[in-house]
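Below you'll find the structure, written out as structure tokens, and then a few comments.
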Amino acid sequence: MAGQAGAQVALSGLSSDLLAARQRADAGSLILYREGLLRVVGFLETRPDLVPVARPAAPRLLGAVQREELLLAWKSFLDYLLALDSISRLHHDFQDLPKGGREISFVIDAAAFLAQYRSALDLLALLDRDPSLAVLLDEAVPELGLPAGTYSGVRLRFLHVARAGELAAFEAIDATWDHPAYGGLRPGMEEDRRAIWAVGKGKAEVMTLKNAFRVVRQVGFAAWFPVQAGVAGWMGDTRVASRQALVSAAQVKALGERLQPGDILLERREWYLSNVGLPGYWPHAALYVGTPGERERFFATDEVKAWVRGQGVASGGFGELLALREPGAERLEHSAAADAVAVVRPRLPRAAVAAAILRAFHFAGRPYDFNFDFTTDQAIVCTELVAKAFDPQAAPPGLRFPVLKVLGRPATPANEIVRQLDAQWGTDAQQLDLVVFLDGDEKSKQAVEASADVFRGSWRRPKWHIFLPQDGR
Numbered sequence: 113m114a115g116q117a118g119a120q121v122a123l124s125g126l127s128s129d130l131l132a133a134r135q136r137a138d139a140g141s142l143i144l145y146r147e148g149l150l151r152v153v154g155f156l157e158t159r160p161d162l163v164p165v166a167r168p169a170a171p172r173l174l175g176a177v178q179r180e181e182l183l184l185a186w187k188s189f190l191d192y193l194l195a196l197d198s199i200s201r202l203h204h205d206f207q208d209l210p211k212g213g214r215e216i217s218f219v220i221d222a223a224a225f226l227a228q229y230r231s232a233l234d235l236l237a238l239l240d241r242d243p244s245l246a247v248l249l250d251e252a253v254p255e256l257g258l259p260a261g262t263y264s265g266v267r268l269r270f271l272h273v274a275r276a277g278e279l280a281a282f283e284a285i286d287a288t289w290d291h292p293a294y295g296g297l298r299p300g301m302e303e304d305r306r307a308i309w310a311v312g313k314g315k316a317e318v319m320t321l322k323n324a325f326r327v328v329r330q331v332g333f334a335a336w337f338p339v340q341a342g343v344a345g346w347m348g349d350t351r352v353a354s355r356q357a358l359v360s361a362a363q364v365k366a367l368g369e370r371l372q373p374g375d376i377l378l379e380r381r382e383w384y385l386s387n388v389g390l391p392g393y394w395p396h397a398a399l400y401v402g403t404p405g406e407r408e409r410f411f412a413t414d415e416v417k418a419w420v421r422g423q424g425v426a427s428g429g430f431g432e433l434l435a436l437r438e439p440g441a442e443r444l445e446h447s448a449a450a451d452a453v454a455v456v457r458p459r460l461p462r463a464a465v466a467a468a469i470l471r472a473f474h475f476a477g478r479p480y481d482f483n484f485d486f487t488t489d490q491a492i493v494c495t496e497l498v499a500k501a502f503d504p505q506a507a508p509p510g511l512r513f514p515v516l517k518v519l520g521r522p523a524t525p526a527n528e529i530v531r532q533l534d535a536q537w538g539t540d541a542q543q544l545d546l547v548v549f550l551d552g553d554e555k556s557k558q559a560v561e562a563s564a565d566v567f568r569g570s571w572r573r574p575k576w577h578i579f580l581p582q583d584g585r
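In the numbering used here, each number is its position in the sequence shown, counted from 1, plus 112.
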């Protein structure tokens, strides 16, 4: 496991404006991470084929598909726990902050603790129905940097008597301090507190404020996961300090000269809200549609013109078809200002690429789908847009991407696109070619162009850079 990923970002060193921005971002992230935990528990409650409703009389043997679904749910759960641990760690020194900011960070820390404790108790109550599941779930989770025995570790942490003392400590401070109902956190905190007491894991002990602070300050309380400094500093959508993306502005500019409409960008940005809950090193994908001028030049072929005429536009101009079908559409915004980015190019005729871009504009502008549900179009995740744009059942046909069941819903994580490309490489089944891979290295704080072999193996990397070897690979 890597050493420290960078100096810890101390909230006490931030200006009042930056502190407020950090707190707003973390409160919003916390709500979504909590919802993710509850979503995992809710999913398993509806799947008796994965988790029985009562202790089985004889050992069960899960099939390969069931094992994969259960492990994906477990990994998502751990991912959300790790995210909440990082937030708790960052705000755990709330006493060092000035009045006002101190109380807000306390609420964030307490909300993260309650969400972890409640969801862990709920999940363990389900999984303990079948003791044989412990063997499966105790396997190492290398993409999260977790060794074998993780399930046993979660049980030890959250079923330990010390948790009750920590709950009492938070409640003593909560009852004494005058603090705001910050960022919409209070309803979830109250619900989690009631759920914890309902399962009898809390102790109605009275604790003095002095002792409460001492318990909360205990070394090791806030961070059970092997969380390094970098996690706490950069988790969340808002980067309030001066950290720059590893892919430089010059590299982004040069990259634009190598792109063509229909290229797929695979992007990685450390510690972003939407990274959490999806498996793998590569969390995001985007479709490059080009500028109007680029599209006009790229699609000025007899093949594309014939296809456009078949769509009812006599001129054969793709721009005219796009304006007719998607009024006001000019460009889908994307950014390669990431910590790692790869560009892959579909092995498709230009008419199929034109059809994919047309469909992409149809789905553009919809809200981000934190449920990762490909079965609905009301909200959409980045890889869902790419997958639906390159619909293999359309005419002309697009690309066939792998589909996983993430919490019971079909999804195509970006990491699976890279894993598929690795498996298909050099065969007749290969659908994509690598254009460029700018590989970010947290140690050197820059991105360098890497080979196809390095890119092909990138899907095997741990999800968070703090778990990469010291050389960053």
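Here a beta-carbon is modelled for each residue, glycine too, at the ideal position from N, C-alpha and C.
If you compare alpha carbons, which of the options is closest to residue i?
i, options, result
"R159", "L544, S264, E438, G520", "G520"
"A260", "L268, F270, L249", "L249"
"K417", "L433, G405, P404", "L433"
"P171", "S556, G569, D242", "D242"
"S188", "Q532, K517, V359, S570", "K517"
"W186", "P168, S264, I285", "S264"
"A463", "E438, F411, D451, F473", "F411"
"K555", "F475, A541, D451", "D451"
"K211", "R179, R167, S128", "S128"
"L544", "K557, I529, A281, L550", "I529"
To which residues does DSSP link residue i through a beta bridge?
i, result
"L436", "DSSP lists no partner for L436."
"F549", "A454"
"I376", "L399, V456"
"A559", "G552"
Quick one: grab the DSSP three-state call for residue i.
i, result
"R214", "helix"
"A169", "coil"
"K417", "helix"
"L174", "coil"
"L271", "coil"
"R568", "helix"
"V311", "coil"
"H204", "coil"
"W394", "coil"
"Q135", "helix"
"F225", "helix"
"S360", "coil"
"S264", "helix"
"L297", "coil"
"G422", "helix"
"F282", "helix"
"G428", "coil"
"A122", "coil"
"S128", "helix"
I'd like to check one pair, residue j with residue i: are the Cβ atoms closer than 9 Å?
i, j, result
"P574", "E255", "yes"
"R136", "L202", "no"
"I308", "L279", "yes"
"A468", "P458", "yes"
"W394", "A526", "yes"
"P391", "L184", "yes"
"P404", "G431", "yes"
"V153", "L235", "yes"
"L245", "L239", "yes"
"D553", "L297", "no"
"V455", "L378", "yes"
"W537", "R568", "yes"
"A78", "A435", "Past the boundaries of the shown model lies residue 78; the chain is included only from 113 to 585, so the question cannot be answered."
"I216", "G295", "yes"
"H396", "T524", "no"
"Q372", "A559", "no"
"L497", "G374", "no"
"V266", "L190", "yes"
In the DSSP assignment, find the unbroken beta strand (DSSP E) run with residue i in it and report its ends.
i, result
"R521", "521–523"
"V518", "516–518"
For the alpha helix (DSSP H) containing residue i, list its first residue and its last residue.
i, result
"E369", "Counting along the chain, E369 falls outside any alpha helix (DSSP H), and DSSP gives it neither H nor E."
"K500", "494–501"
"Q543", "Here Q543 belongs to no alpha helix (DSSP H), and DSSP marks it neither H nor E."
"P404", "404–410"
"V534", "The amino acid occupying residue 534 in the given sequence is Asp; Val does not appear at that position. Where D534 is concerned, the enclosing alpha helix (DSSP H) stretches over 526–536."
"F475", "462–475"
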